[in-house]
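Take the sequence shown: its position 84, counting from 1, is numbered 84 in the working numbering, and each next residue is one higher.
From the three backbone atoms N, C-alpha and C, an ideal C-beta is built for every residue, glycine too.
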Amino acid sequence: MQPNEGDIIFYSSPLGQTKVEVRYEEETFWLSQKRLAELFGVEVNTVNYHLKEIFASGELMEQSVIRKFRITAADGKSYLTGCYNLDAIIAVGYRVNSHQATQFRIWATQTLKEFIVKGFVLDDERLKLNKRFGKDYFEELVERIREIRASERRFYLKITDIFEQASIDYDPNSEATQLFFKMVQNKLHWAVSGMTAAEIIASRADSNKPAMGLTHWKNAPSGKILKSDVVTAKNYLIEREIKELDRIVEQYLLYAENQAARQIPMKMADWIKRLDAFLNFNEYDILTSAGSVSHEVAKQLAEGHYEAFRIRQDREFESDFEKEIARLQSRQGETSQ
Numbered sequence: 001m002q003p004n005e006g007d008i009i010f011y012s013s014p015l016g017q018t019k020v021e022v023r024y025e026e027e028t029f030w031l032s033q034k035r036l037a038e039l040f041g042v043e044v045n046t047v048n049y050h051l052k053e054i055f056a057s058g059e060l061m062e063q064s065v066i067r068k069f070r071i072t073a074a075d076g077k078s079y080l081t082g083c084y085n086l087d088a089i090i091a092v093g094y095r096v097n098s099h100q101a102t103q104f105r106i107w108a109t110q111t112l113k114e115f116i117v118k119g120f121v122l123d124d125e126r127l128k129l130n131k132r133f134g135k136d137y138f139e140e141l142v143e144r145i146r147e148i149r150a151s152e153r154r155f156y157l158k159i160t161d162i163f164e165q166a167s168i169d170y171d172p173n174s175e176a177t178q179l180f181f182k183m184v185q186n187k188l189h190w191a192v193s194g195m196t197a198a199e200i201i202a203s204r205a206d207s208n209k210p211a212m213g214l215t216h217w218k219n220a221p222s223g224k225i226l227k228s229d230v231v232t233a234k235n236y237l238i239e240r241e242i243k244e245l246d247r248i249v250e251q252y253l254l255y256a257e258n259q260a261a262r263q264i265p266m267k268m269a270d271w272i273k274r275l276d277a278f279l280n281f282n283e284y285d286i287l288t289s290a291g292s293v294s295h296e297v298a299k300q301l302a303e304g305h306y307e308a309f310r311i312r313q314d315r316e317f318e319s320d321f322e323k324e325i326a327r328l329q330s331r332q333g334e335t336s337q
């Protein structure tokens with residue numbers, strides 16, 4: 001007998017409320033000790049220890065929460081494996097000490113509090129769909145992705161938007177999310193230039209070059225270059241790289257729309273794997289390291305060049321006001337002749 005495929009997904013909503021998504025069929029849900037360990041981010045022996053404590057204390061009866069299923073292992077063979085139901089999962093979740101278990105407890109406590117105060121708990125979406133990731137969820141996601149594709153936002157912001165909208169475990173405040181975006185950016189930079197963001201800045205920032213080597217900046221083309229402009233890798237990309245990056249992002253957004261249309265829930269880690277597969281399919285080199293230059297080193301180099309460049313820029317810069325004065329003086333000279 002094979003268990004129903006299921007997963008518990010931790011994620012935070014944009015409002016910061018931690019939620020736990022349970023996917024199951026026919027009102028049954030079972031996880032092996034290995035899956036429980038993955039779920040709560042701990043070792044299998046930790047899960048085993050807590051289960052023994054739960055059973056020894058009489059909190060749960062072992063025979064009522066465990067069932068044997070035949071599960072195919074990594075070696076291709078199937079083995080009878082003990083799996084634990086939702087009662088056991090909740091009990092372990094309240095005992096394990098990990099970040100993921102903490103998220104679980106926050107969700108569970110909020111749900112229990114609502115039940116005690118109101119006498120019931122309503123999940124409006126689950127009430128309508130029987131499960132959160134139903135047809136309406138994916139139809140709405142497809143529409144949001146199409147809006148992102150059609151928007152006038154720069155492709156970097158479109159990438160940020162797509163991960164925010166289409167990652168079910170997206171948490172804007174977590175350090176993992178910030179590292180995630182840096183990784184994605186570096187992979188895209190590497191694909192079109194063979195360099196990470198820091199390497200691009202370090203190799204192309206030059207106070208002796210026109211515009212310090214920049215091809216884009218906030219006040220371009222006639223406005224002053226600011227210090228913040230010189231520490232942004234995309235500002236150094238040449239036209240060919242920009243167009244190539246734009247094409248990659250557009251194709252990737254189409255891929256994201258197709259995933260939503262096929263009703264496939266995606267986590268941030270899934271997007272990283274899919275991005276590597278996508279780049280590999282299109283015969284781009286895949287970044288597998290952090291690069292040879294750190295962000296801090298690149299920032300210091302660029303800002304050092306900027307200090308020298310800023311002096312020349314201030315000396316040579318002609319403001320719009322000065323240009324207008326010169327234009328008026330030129331016209332006056334012409335009329336007096």
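For residue i and residue j, which I take to be in contact (beta-carbon distance under 8 Å), what is that distance rounded to the nearest angstrom?
i	j	result
R67	W30	6 Å
M268	D169	6 Å
M61	A166	That pair is no contact at about 42 Å.
I339	L188	Shown here, the chain extends from 1 to 337; a query on residue 339 therefore has no answer.
E199	V65	Their Cβ separation, rounded to whole angstroms, is 53 Å, which puts E199 and V65 out of contact at 8 Å.
Y284	A150	No, Y284 and A150 are not in contact; Cβ-Cβ is about 25 Å, not under 8 Å.
In whole angstroms, give me the CA-to-CA distance for residue i and residue j.
i	j	result
L237	L253	21 Å
A91	I264	29 Å
T81	T109	30 Å
Q100	D75	29 Å
E175	R312	39 Å
I225	R144	35 Å
G223	N97	54 Å
K234	D171	25 Å
G291	E43	31 Å
F309	Q300	14 Å
N48	G93	13 Å
A88	T72	22 Å
D270	F163	11 Å
T102	N173	16 Å
Any idea if residue i is buried or exposed, counting beta-carbon neighbours within 10 angstroms, 16 or more meaning buried?
i	result
Y84	buried
Y79	exposed
F317	exposed
L245	buried
A387	The structure shown has nothing for residue 387, since the chain only spans 1 to 337.
A277	exposed
R204	buried
L39	buried
K158	buried
N186	buried
L179	exposed
F104	buried
Kindly indicate if chain B contains any beta-carbon less than 8 Å away from that of residue i.
i	result
T288	The displayed structure is made up of one protein chain only, and chain B is not part of it.
Worksheet item: Could you give the uninterrupted runs of the beta strand (DSSP E) lying entirely in the segment 38 to 95, keeping only those of 3 residues or more?
Response: 66 to 72, 78 to 84
Worksheet entry | Minimum length 4: unbroken alpha helix (DSSP H) runs contained in the segment 181 to 213 | 197 to 204
Discussion item. Below 8 Å, how does it come out for the segment 208 to 215 and the segment 246 to 261: are there three or more Cβ pairs, yes or no?
Written reply: no
Worksheet entry | alpha helix (DSSP H) runs contained entirely in the segment 216 to 302, provided each spans 4 or more residues | 239 to 261, 268 to 281
Worksheet item: For the 8 Å Cβ check, are there 3 or more pairs between the segment 214 to 234 and the segment 136 to 150?
Response: no
Worksheet entry | Segment contact flag, the segment 180 to 200 with the segment 212 to 225, C-beta cutoff 8 Å, min 3 pairs | no
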